[in-house]
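Participant: Please read through the structure below; I'll follow up with questions.
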Amino acid sequence: MSAAHWRRAMNSAATAAAPTMRSPAARLPRARATSPASLPADAMPSWLARGVARIRPRHVIVLVALVLYPFVASPFFTYQIGAQSLALGLIALSLTFLGGYGGMVSLAQMTVAGVAGYGIAIFGTSSFPAISLGWPWWLAASFAIAAATVFAAAVGWLSVRTEGIYTIMITLAIGVAFFYLAQQNYTVFNGFQGFSKVGAPELFGIDFKEPVAFYFVALACALAGYFLVRHLVRAPFGVALQGIRDNPRRMASLGYHVTAHRVAAYAVAGLLAATGGVLMVWYNGRISPGTVNLAQMISILIIAVLGGMKHPVGAFVGAILYVLLQNFAIDLFIRERFNLVIGGVFLAVVLFSPDGLLGLWAKLRSGLIRPQTSQQKRRPP
Amino acid sequence: MSAPKRRVWIRTIVGAAAAGALIGSAWAQETLKIGLLANLEGPFAVPGQDGYRGAEMALKEKNGMAGGKKIEFVKVSSDATPDKAVAMTRKAVEQDKVQIMIGPLSGDEGIAVKNYAKTKPDITFINGSSGAQATTLSDPAPNFYRFNTEGAQWMVGLGEHALGKGYKKMFLISEDYGFPYSQVQGFMASYCAKGGKVVDKAWVPLGTKDYASVIAKIPKDVDALLVVLGGSDAVNFLTQYEQAGGNKPMVGGSITVDQTVLNYKGKRRESLLGTSSAGPMADSIDTPEWKKFVADYKAQFKDGFPSPSLFAYLYYINTRAALEALDAVKGDLSNGQKAYRAALQKTSFKGPAGEVKIDANRNGVGTTYITEVTKAPDGSFYNKVVKTVPNISQTLGLPEAEFKKMGLGSRDVPDCRK
Numbered sequence: 068m069s070a071a072h073w074r075r076a077m078n079s080a081a082t083a084a085a086p087t088m089r090s091p092a093a094r095l096p097r098a099r100a101t102s103p104a105s106l107p108a109d110a111m112p113s114w115l116a117r118g119v120a121r122i123r124p125r126h127v128i129v130l131v132a133l134v135l136y137p138f139v140a141s142p143f144f145t146y147q148i149g150a151q152s153l154a155l156g157l158i159a160l161s162l163t164f165l166g167g168y169g170g171m172v173s174l175a176q177m178t179v180a181g182v183a184g185y186g187i188a189i190f191g192t193s194s195f196p197a198i199s200l201g202w203p204w205w206l207a208a209s210f211a212i213a214a215a216t217v218f219a220a221a222v223g224w225l226s227v228r229t230e231g232i233y234t235i236m237i238t239l240a241i242g243v244a245f246f247y248l249a250q251q252n253y254t255v256f257n258g259f260q261g262f263s264k265v266g267a268p269e270l271f272g273i274d275f276k277e278p279v280a281f282y283f284v285a286l287a288c289a290l291a292g293y294f295l296v297r298h299l300v301r302a303p304f305g306v307a308l309q310g311i312r313d314n315p316r317r318m319a320s321l322g323y324h325v326t327a328h329r330v331a332a333y334a335v336a337g338l339l340a341a342t343g344g345v346l347m348v349w350y351n352g353r354i355s356p357g358t359v360n361l362a363q364m365i366s367i368l369i370i371a372v373l374g375g376m377k378h379p380v381g382a383f384v385g386a387i388l389y390v391l392l393q394n395f396a397i398d399l400f401i402r403e404r405f406n407l408v409i410g411g412v413f414l415a416v417v418l419f420s421p422d423g424l425l426g427l428w429a430k431l432r433s434g435l436i437r438p439q440t441s442q443q444k445r446r447p448p
Numbered sequence: 025m026s027a028p029k030r031r032v033w034i035r036t037i038v039g040a041a042a043a044g045a046l047i048g049s050a051w052a053q054e055t056l057k058i059g060l061l062a063n064l065e066g067p068f069a070v071p072g073q074d075g076y077r078g079a080e081m082a083l084k085e086k087n088g089m090a091g092g093k094k095i096e097f098v099k100v101s102s103d104a105t106p107d108k109a110v111a112m113t114r115k116a117v118e119q120d121k122v123q124i125m126i127g128p129l130s131g132d133e134g135i136a137v138k139n140y141a142k143t144k145p146d147i148t149f150i151n152g153s154s155g156a157q158a159t160t161l162s163d164p165a166p167n168f169y170r171f172n173t174e175g176a177q178w179m180v181g182l183g184e185h186a187l188g189k190g191y192k193k194m195f196l197i198s199e200d201y202g203f204p205y206s207q208v209q210g211f212m213a214s215y216c217a218k219g220g221k222v223v224d225k226a227w228v229p230l231g232t233k234d235y236a237s238v239i240a241k242i243p244k245d246v247d248a249l250l251v252v253l254g255g256s257d258a259v260n261f262l263t264q265y266e267q268a269g270g271n272k273p274m275v276g277g278s279i280t281v282d283q284t285v286l287n288y289k290g291k292r293r294e295s296l297l298g299t300s301s302a303g304p305m306a307d308s309i310d311t312p313e314w315k316k317f318v319a320d321y322k323a324q325f326k327d328g329f330p331s332p333s334l335f336a337y338l339y340y341i342n343t344r345a346a347l348e349a350l351d352a353v354k355g356d357l358s359n360g361q362k363a364y365r366a367a368l369q370k371t372s373f374k375g376p377a378g379e380v381k382i383d384a385n386r387n388g389v390g391t392t393y394i395t396e397v398t399k400a401p402d403g404s405f406y407n408k409v410v411k412t413v414p415n416i417s418q419t420l421g422l423p424e425a426e427f428k429k430m431g432l433g434s435r436d437v438p439d440c441r442k
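Here the protein sequences come in this chain order: R and U.
If you count by the numbering used here, then the first sequence holds residues 68 to 448, one letter each, in order.
If you count by the numbering used here, then the second sequence holds residues 25 to 442, one letter each, in order.
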């Protein structure tokens, strides 16, 4: 079978799958219609008015809970569960954006995060002054994020000509290649050992390595990433991207530059993953090839799928479950076989809800409120 | 599922969780929790399990009690990455509130945990089986103790032994990370000082499968090979070297010719006879302490190895030291564990493979066993002890200033080529 045949087959498969994938866009008009129209349009700028009109009680509750959380929780829960979930969630969010809205599943998101992480260790300060350049943290962080974003765009540029499983394969190859490069190169990446003592900076008398301070840094980055994605998918760029996801040929014939949109999506996702990568390195205080190995690359996919790829919040929900399991599965009934518990939970979530935890939540909610009509509500004609 | 059914189901789960929490807290009351970190996943999952066994043996010898309190292990697991080791140590210390922490298993994990230990001055950390030199030599933590000796100490004396066998020029094949660097330094420190030469060094990445380019580089005129590889890397190298027609004698690192390698089948197996290596223990130590240790291990763990591994032994001596010091202070961990740490510093006992004690940097000073692969009457291969080198310090017998001048082992330290 020729490449052209494959491409056609993949395209028709994508079109067939499109109705189930379209729900975020499909939900959009309904959300607008039900929003309170009583706010005076001239009192504030239109984008702000639209933003305020979308706020629901549950948004306020979640936000307040997120802010109050570190003052209630122990330092362990603040740092290891809270901050780590936010950092991992941000990396997974980049995959949710790419996969859920762009239809491109990239396994290299952890690699992009790793490029940023290595960047901050190399440009900034670490335990290896022979390699690290010792720039101030803000310069190192911005260069690291910029470099990783460029890297992500390059990955995108290489892989956008492929589809489906081939995108996964090519991004997998790039990720594994980067892992071996980092492990075997001693002049730049310091080989197997990597870099340690790469901590968050001290600023205005606050040590951002402390759990509560670091939590708020992670929270700020995660919220910024979340709202960026929420904004983008409603903006013309995001709508065009979803159009390209559903039918690239039609979008091309309408005059959209499909490749450019896809590469841009990779770059945006790269920015998110890079920010998450910097947070990850600050969280661990170190980076080594183990941070970007195959298991870690796949864990980002697991997090995104666990949470659900239909809404950006899914990435963070998935990350919370993932981190909780990583930490507490060993305390459950079979200590020596705790990976069985982790695998079992992942399997159960995917088995009972292909849309991840978000899908489970939607099922549960529609079941509790209107058990009779849940079926019709989930599958709009 | 209908709504009432679901509600019953949820109630059952909540009830079960609450019951579980109650049982858990009632159990924890009159016990002292000790964190225990080894590996249940990743490349060291199998050795890691043996590490847990070693720790459990030490606790069982004391009938589960130390310092008048019942001891409960809070087991956590890493996958041999430093990130995971620190995360799991943090979980045990901050979430499960252990006051003494034993672990981790591998070298880079040890350095990472040592750095974490500095942020928790009220907790005492005792090593599991990690053997990186830097853990206690550069920037040590005052609350991190290691009763075992490390990678470089394990090779002391092997250099002279190789010279004694007439190996004047050698070629090095080694994995490219911290632990082999230490091992190679331990070998070279005495080997090179006494006139031996390592003409070239091949550093291969951990997990290398194809050694063709390395084998092609081996010069014809070397007397022997120094092979510091572990597990599957060692097996792969030996097989390919045999297929390429190589016949040089070999000197191995502490984990190169262990049971996994000796048990493999192939023509090359015969040529392993006479291969020397060195380590902090050996399967065939001829003392009553060691024989009792092996017998206890076999009796307690039906699913274990035929004989306790290096990891079981190292976790055993570290755990035993932790418990003996607890006995010495009668379980008193007050006042920032001051009394307990003083007791740890003084702890010294005759372990299964020689005396266990620590130096001023809280690192083990111990015995190294030089062994040679020998055929047993039943046809199986084992490592026969040919020489015992007691009282090896972390500076490899050199004065501290001289050792510091040499620096910690790395790709180019010591050089030994000239």
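For every residue, glycine included, the Cβ atom is placed at its ideal position computed from N, Cα and C.
Values in this document were obtained by computation on a predicted structure and should not be read as measured data.
Determine the extent of the beta strand (DSSP E) in which U/T55 is found, giving its start and end residues.
Facilitator: Where U/T55 is concerned, the enclosing beta strand (DSSP E) stretches over T55 to N63.
Participant: In the DSSP output, which residue or residues are listed as bridge partners for U/V228?
Facilitator: Per DSSP, U/E199.
Participant: Determine the extent of the alpha helix (DSSP H) in which U/F427 is found, giving its start and end residues.
Facilitator: From DSSP, the alpha helix (DSSP H) with U/F427 extends over E424 to M430.
Participant: Anyone know if the C-beta pair for U/L350 and U/G91 falls short of 7 Å?
Facilitator: Yes. Within cutoff.
Participant: Whole-angstrom Cβ separation of U/A104 and U/L64, contact assumed at under 8 Å?
Facilitator: Between U/L64 and U/A104 the Cβ distance is about 11 Å, and since that is not below 8 Å, they are no contact.
Participant: What are the boundary residues of the beta strand (DSSP E) that includes R/M376?
Facilitator: Element bounds for R/M376: n/a, residue is neither H nor E.
Participant: Apart from the five residues just before and just after U/Q53, which ones in its own chain have a Cβ nearer than 8 Å to its Cβ?
Facilitator: Because U/Q53 carries a pLDDT of 43, less than 50, the predicted location of this residue cannot be relied on, and the following value inherits that uncertainty. None.
Participant: Within 10 angstroms of its Cβ, does U/K326 collect 16 or more other Cβ (buried), or is it exposed?
Facilitator: That one is exposed.
Participant: Tell me where the beta strand (DSSP E) around U/M274 begins and ends.
Facilitator: Per DSSP, U/M274 belongs to the beta strand (DSSP E) from M274 to G276.
Participant: Between which two residues does the alpha helix (DSSP H) harbouring R/M177 extend?
Facilitator: Taken as a continuous stretch (DSSP letters only), the alpha helix (DSSP H) holding R/M177 covers Q176 to F190.
Participant: If we ignore side chains and look at the alpha-carbon of each, how far apart do R/D422 and R/A429 end up?
Facilitator: Approximately 9 Å between the Cα atoms of the pair.
Participant: Among R/R125, R/G170, R/L155 and R/P124, which one has its Cα closest to the Cα of R/V325?
Facilitator: The option with the nearest alpha carbon to R/V325 is R/G170.
Participant: Please check the pair U/G433 and U/A176, which I expect to be a contact at CB under 8 Å, by giving their CB distance rounded to whole angstroms.
Facilitator: That pair is a contact at about 6 Å.
Participant: Which whole-angstrom value is the C-beta distance of U/N172 and U/N151, which I expect to be below 8 Å?
Facilitator: Correct: roughly 7 Å between the Cβ atoms.
Participant: Between R/S320, R/T254, R/L391 and R/F190, which lies nearest to R/F413 when the distance is taken from Cα to Cα?
Facilitator: Taking only the C-alpha atoms, the option nearest R/F413 is R/L391.
Participant: For U/T55, decide whether its Cβ has a neighbour in chain R, counting only Cβ atoms nearer than 7 Å.
Facilitator: Chain R contact via Cβ: absent.
Participant: Is the Cβ of U/R114 closer than 7 Å to any Cβ of chain R?
Facilitator: True, the Cβ-Cβ gap to chain R drops below 7 Å.
Participant: What does the alpha-carbon distance come out to for the pair R/A120 and R/R301?
Facilitator: Roughly 15 Å separates the two Cα atoms.
Participant: Compare the beta carbon distance of U/G375 and U/I341 with 7 Å and say whether it is the shorter of the two.
Facilitator: Yes, they are a contact pair.
Participant: Between the Cα of R/Q309 and those of R/H126, R/A159, R/V129 and R/Y168, spot the shortest distance and give me the residue it belongs to.
Facilitator: The option with the nearest alpha carbon to R/Q309 is R/Y168.
Participant: I'd like to know if R/N394 contacts chain U, where contact means its C-beta is closer than 7 Å to some C-beta of that chain.
Facilitator: By this cut-off, R/N394 is an interface position.
Participant: Do you know how far the Cα of U/L296 is from the Cα of U/D245?
Facilitator: Approximately 20 Å between the Cα atoms of the pair.
Participant: For the segment 146-180 of chain R, enumerate the residues whose C-beta is nearer than 7 Å to any C-beta of chain U, in chain order.
Facilitator: Flagged, chain order: Q147.
Participant: Nearest CA to the CA of U/G131: which residue from U/Y406, U/P330, U/L286 and U/F335?
Facilitator: U/G131 has its Cα closest to that of U/F335, out of U/Y406, U/P330, U/L286 and U/F335.
Participant: Just to confirm, are U/Y227 and U/D200 a CB contact at a threshold of 7 Å?
Facilitator: Here residue 227 of chain U turns out to be Trp, not Tyr, going by the sequence shown. It is a contact, given that the beta carbons lie within the stated cut-off.
Participant: Starting from the C-beta of U/G210, find all residues in its chain whose C-beta is less than 7 Å away, skip the five residues before and the five after it, and write them out in chain order.
Facilitator: The residues are G175, A176, Q177, W178, M179, V180 and L420.
Participant: Within 10 Å of its beta-carbon, does R/P320 have 16 or more other beta-carbons around it, so buried, or fewer, so exposed?
Facilitator: Note on residue identity: the sequence assigns Ser, not Pro, to residue 320 of chain R. Exposed is the call here.
Participant: Are R/W204 and R/P278 touching if we call contact CB-CB under 7 Å?
Facilitator: Their beta carbons are not under 7 Å apart, which means R/W204 does not touch R/P278 by this criterion.
Participant: Determine which residues of the segment 338-355 of chain R have a Cβ less than 8 Å from any Cβ of chain U, and write them out in chain order.
Facilitator: Under the 8 Å Cβ criterion, the segment 338-355 of chain R contributes N351, G352, R353 and S355.
Participant: What runs of the alpha helix (DSSP H), each 4 residues or longer, lie entirely inside the segment 325-401 of chain U?
Facilitator: If we require 4 residues or more, the alpha helix (DSSP H) runs fully inside the segment 325-401 of chain U come out as 334-352 and 358-370.
Participant: CB-CB under 7 Å to R/R432, same chain, minus the five flanking residues each way: which ones, in chain order?
Facilitator: Cβ within range, chain order: n/a, list empty.
Participant: Just checking: is the beta-carbon of U/T105 within a distance shorter than 7 Å of some beta-carbon in chain R?
Facilitator: Answer yes: the Cβ-Cβ gap between U/T105 and chain R drops below 7 Å somewhere.
Participant: Under a CB-based cut-off of 7 Å, is R/N252 close to chain U?
Facilitator: It does not: the Cβ of R/N252 has no partner Cβ on chain U nearer than 7 Å.
Participant: For R/M236, is the classification buried or exposed, using 16 other Cβ atoms within 10 angstroms of its Cβ as the cut-off for buried?
Facilitator: Flag for R/M236 reads exposed.
Participant: Identify whether R/F262 lies in helix, strand or coil by the three-state DSSP scheme.
Facilitator: Reduced to three states, the DSSP call for R/F262 is strand.
Participant: Compute the distance between the beta-carbons of R/V416 and R/L373, then report whether it is under 7 Å.
Facilitator: Contact flag set, yes.
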